[in-house]
Amino acid sequence: MEMLSEGVPYKEDSIDILVRVTVFSGIRAARVEAFALCDEPVQFLTGLNYHPKTQTKEGANYICTWGIHPEDVAAFQMTIGAAIIYNPKDFESVNKEDKEYQLISKPAKYLETWISSSCEKEQELNTFEKFIGYLESFEK
(Lines of atoms letter the chains of each structure in order from A; the text may use other names.)
(Lines give C-alpha, C1' and ligand atoms only; values in the text may rest on other atoms or scores of the structure.)
Protein backbone atom coordinates (compact mmCIF):
# COMPACT_ATOMS: atom_id res chain seq x y z
CA MET A 12 0.00 0.00 0.00
CA GLU A 13 1.21 3.49 -0.76
CA MET A 14 -0.04 6.83 0.43
CA LEU A 15 1.11 10.17 -0.98
CA SER A 16 0.67 13.20 1.28
CA GLU A 17 1.11 16.44 -0.61
CA GLY A 18 1.83 19.82 0.95
CA VAL A 19 2.73 18.52 4.40
CA PRO A 20 3.81 21.47 6.59
CA TYR A 21 7.49 21.09 7.44
CA LYS A 22 9.37 23.81 9.29
CA GLU A 23 8.77 26.96 7.21
CA ASP A 24 7.91 25.09 4.03
CA SER A 25 5.74 22.26 2.79
CA ILE A 26 6.85 18.93 1.36
CA ASP A 27 5.41 15.80 -0.21
CA ILE A 28 5.84 12.47 1.60
CA LEU A 29 5.26 9.00 0.16
CA VAL A 30 4.68 6.20 2.68
CA ARG A 31 4.77 2.58 1.53
CA VAL A 32 3.72 -0.39 3.69
CA THR A 33 4.73 -3.82 2.41
CA VAL A 34 3.48 -7.10 3.87
CA PHE A 35 5.14 -10.43 3.11
CA SER A 36 3.84 -14.00 3.10
CA GLY A 37 5.05 -15.91 6.11
CA ILE A 38 6.46 -12.86 7.91
CA ARG A 39 4.67 -11.36 10.90
CA ALA A 40 6.16 -7.90 10.38
CA ALA A 41 5.45 -5.32 7.67
CA ARG A 42 8.05 -2.93 6.25
CA VAL A 43 7.18 0.78 6.41
CA GLU A 44 9.12 3.09 4.11
CA ALA A 45 8.90 6.88 4.03
CA PHE A 46 10.24 8.92 1.12
CA ALA A 47 10.70 12.70 1.26
CA LEU A 48 9.90 13.95 -2.23
CA CYS A 49 11.86 17.17 -1.94
CA ASP A 50 15.36 18.51 -2.56
CA GLU A 51 16.69 18.52 1.01
CA PRO A 52 16.72 15.79 3.70
CA VAL A 53 14.02 16.06 6.37
CA GLN A 54 13.48 14.71 9.87
CA PHE A 55 10.74 12.09 9.98
CA LEU A 56 8.56 11.59 13.05
CA THR A 57 7.20 8.13 13.80
CA GLY A 58 6.29 6.26 16.93
CA LEU A 59 3.97 4.02 18.88
CA ASN A 60 0.89 4.88 20.95
CA TYR A 61 0.10 3.30 24.30
CA HIS A 62 -2.48 3.61 27.08
CA PRO A 63 -1.91 4.15 30.82
CA LYS A 64 -2.48 0.46 31.70
CA THR A 65 -0.35 -0.80 28.80
CA GLN A 66 3.00 -2.47 29.45
CA THR A 67 5.84 -1.04 27.38
CA LYS A 68 9.41 -2.08 26.66
CA GLU A 69 12.28 -0.40 24.86
CA GLY A 70 14.71 -2.88 23.35
CA ALA A 71 17.97 -2.18 21.54
CA ASN A 72 16.15 -1.74 18.20
CA TYR A 73 12.44 -1.89 19.03
CA ILE A 74 9.68 -0.46 21.18
CA CYS A 75 6.68 -2.59 22.05
CA THR A 76 3.43 -2.41 23.99
CA TRP A 77 1.15 -5.06 25.48
CA GLY A 78 -2.32 -4.44 26.83
CA ILE A 79 -6.00 -3.95 26.09
CA HIS A 80 -6.25 -1.62 23.15
CA PRO A 81 -8.13 0.49 22.67
CA GLU A 82 -9.15 0.14 26.28
CA ASP A 83 -12.02 2.62 26.07
CA VAL A 84 -13.76 1.74 22.78
CA ALA A 85 -13.19 -1.95 22.04
CA ALA A 86 -16.38 -3.94 21.46
CA PHE A 87 -14.57 -7.05 22.71
CA GLN A 88 -11.61 -6.24 24.89
CA MET A 89 -8.54 -8.29 24.09
CA THR A 90 -4.90 -8.00 25.04
CA ILE A 91 -2.75 -7.18 22.03
CA GLY A 92 0.86 -6.31 21.38
CA ALA A 93 2.22 -3.75 18.94
CA ALA A 94 5.80 -2.95 18.02
CA ILE A 95 7.98 -0.73 15.90
CA ILE A 96 11.38 -2.13 14.92
CA TYR A 97 14.00 0.35 13.77
CA ASN A 98 17.67 1.01 13.19
CA PRO A 99 18.84 3.21 16.11
CA LYS A 100 21.50 4.76 13.83
CA ASP A 101 18.67 6.37 11.81
CA PHE A 102 17.27 8.34 14.77
CA GLU A 103 18.53 11.25 16.78
CA SER A 104 16.01 10.87 19.60
CA VAL A 105 13.54 8.40 21.08
CA ASN A 106 11.20 9.98 23.62
CA LYS A 107 8.54 8.41 25.82
CA GLU A 108 5.69 10.90 26.12
CA ASP A 109 2.43 10.57 28.11
CA LYS A 110 0.61 8.52 25.45
CA GLU A 111 3.18 7.69 22.80
CA TYR A 112 6.77 7.06 21.97
CA GLN A 113 8.14 9.58 19.49
CA LEU A 114 11.08 8.68 17.28
CA ILE A 115 12.69 11.61 15.45
CA SER A 116 14.98 10.66 12.59
CA LYS A 117 18.25 12.18 11.59
CA PRO A 118 17.87 14.25 8.40
CA ALA A 119 17.16 11.85 5.53
CA LYS A 120 15.23 11.49 2.30
CA TYR A 121 14.34 7.84 3.06
CA LEU A 122 13.49 6.01 6.27
CA GLU A 123 12.69 2.34 6.85
CA THR A 124 11.03 0.85 9.93
CA TRP A 125 9.10 -2.35 10.56
CA ILE A 126 5.86 -2.91 12.49
CA SER A 127 4.45 -6.04 14.07
CA SER A 128 1.62 -7.18 16.33
CA SER A 129 0.28 -10.11 18.32
CA CYS A 130 -2.68 -10.95 20.56
CA GLU A 131 -3.64 -13.15 23.48
CA LYS A 132 -5.58 -15.57 21.24
CA GLU A 133 -2.54 -16.66 19.27
CA GLN A 134 -0.77 -19.94 19.99
CA GLU A 135 2.79 -18.70 19.45
CA LEU A 136 2.86 -15.16 20.78
CA ASN A 137 0.07 -14.87 23.32
CA THR A 138 2.03 -13.18 26.14
CA PHE A 139 4.15 -10.07 26.49
CA GLU A 140 7.23 -12.21 27.18
CA LYS A 141 6.75 -14.31 24.04
CA PHE A 142 6.18 -11.18 21.95
CA ILE A 143 9.39 -9.67 23.31
CA GLY A 144 11.22 -12.92 22.48
CA TYR A 145 10.00 -12.65 18.89
CA LEU A 146 11.16 -9.04 18.66
CA GLU A 147 14.57 -9.86 20.17
CA SER A 148 15.15 -12.46 17.43
CA PHE A 149 13.61 -10.46 14.53
CA GLU A 150 15.66 -10.44 11.33
CA LYS A 151 14.68 -8.59 8.18
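Residue numbers (the numbering used here): 12 to 151. Here a beta-carbon is modelled for each residue, glycine too, at the ideal position from N, C-alpha and C.
request  = Evaluate contact between the segment 28–36 and the segment 117–124, counting only Cβ atoms and requiring at least three cross-stretch pairs below 8 angstroms.
outcome  = no
query = Near residue 131, which residues of its chain fall below 8 angstroms by C-beta distance, leaving aside the five closest residues on each side in sequence?
reply = 89, 90, 91, 137, 138
task = In angstroms with no decimal places, state the Cα-to-Cα distance between residue 107 and residue 128.
result = 20 angstroms
Inter-residue Cα distance where the pair is residue 12 and residue 123 = 15 angstroms
query = Heavy atom of the ligand COA less than 6 angstroms from the Cβ of residue 37, yes or no?
reply = The ligand content of the structure shown is nil, which means the ligand COA is not present either.
query = Among residues of its own chain, excluding the 5 on either side of residue 96, which ones have a beta-carbon nearer than 8 angstroms to its beta-carbon?
reply = 40, 72, 73, 124, 125, 126, 127, 146, 149
inquiry  = Could you compute how far the alpha carbon of residue 133 sits from the alpha carbon of residue 62?
reply    = 22 angstroms
ask   = What is the residue span of the beta strand (DSSP E) that residue 112 lies within?
value = 111–116
ask   = For the beta strand (DSSP E) that contains residue 97, what are its first and last residues?
value = Looking at the DSSP string, residue 97 is not in any beta strand (DSSP E), and its letter there is neither H nor E.
request  = Please report how far the alpha carbon of residue 102 lies from the alpha carbon of residue 112, in whole angstroms.
outcome  = 13 angstroms
ask   = With a CB to CB cut of under 6 angstroms and the five nearest residues on each side skipped, what residues in its chain are close to residue 1?
value = Any property of residue 1 remains undetermined from this structure, which presents the chain solely from 12 to 151.
inquiry  = Comparing C-alpha positions only, which one of 48, 52, 22, 23 sits nearest to residue 14?
reply    = 48
Assigned secondary structure, residue 38 (DSSP; H/G/I helix, E/B strand, else coil) = coil
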